[in-house]
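Colleague: In our numbering, the protein residues as written are 168 to 330.
#1: Could you say if the region 231-240 and the region 301-315 meet the contact criterion of at least three C-beta pairs nearer than 8 Å?
#2: Near residue 224, which residues of its chain fall below 6 Å by C-beta distance, leaving aside the five closest residues on each side in sequence?
#3: Which same chain residues end up closer than 6 Å to residue 317 when comparing Cβ atoms and leaving out the 5 residues on each side of it in sequence?
#4: Suppose contacts are defined by Cβ-Cβ distances below 8 Å. Is residue 249 in contact with residue 264 by that definition?
#5: Give the DSSP bridge partners of residue 214, in chain order.
#6: Verify whether the separation of the beta carbon atoms of residue 205 and residue 322 is less than 8 Å.
#7: Report the three-state DSSP secondary structure of residue 309 (helix, strand or coil).
#8: Going straight from the alpha carbon of residue 365 to that of residue 294, what length do you get?
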């Protein structure tokens with residue numbers, strides 16, 4: 168009788184674990200699917216923030232408006248990409264390689280990669296919330312601390328190519 172009870176408990180445990188594994192695999196697959204939606208070429212079409220603040224995103228020393236029209240290429244199969252500012256006026260012209268990832272389906276994290284360095288050598292990066300995602304657009308929300316409060320900055324992206 169004890170063996171039958173033990174076998175029953177073991178069977179129930181294995182069933183529970185196998186169901187959990189299937190659920191975890193499905194969650195992982197859904198997150199990968201969401202992650203792959205951002206594959207391709209994108210342009211920042213607008214940036215929303217309180218215009219009373221001077222925002223200089225991602226330590227580039229350039230005003231936020233310099234990022235409107237910037238081109239972003241995101242390649243999720245190797246977690247690399249780059250963004251390009253086209254310059255003009257007081258805006259710099261530059262291309263910045265990045266290494267990125269999407270965690271939990273809604274956190275976009277990236278770090279800039281300097282020429283001649285490896286991504287693992289750079290421990291500083293940026294974490295933004297991935298919001299309003301669809302096939303051809305998404306937004307990244309950044310909450311920047313300032314004087315004991317936060318300034319909300321939203322970068323609105325539109326697909327320009329390669330799905």
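All C-beta atoms in this analysis are idealised placements derived from N, C-alpha and C, irrespective of residue type, glycine included.
Modeller: Taking the structure as given:
#1: no
#2: 231, 234
#3: 310
#4: yes
#5: 322
#6: no
#7: strand
#8: Shown here, the chain extends from 168 to 330; a query on residue 365 therefore has no answer.
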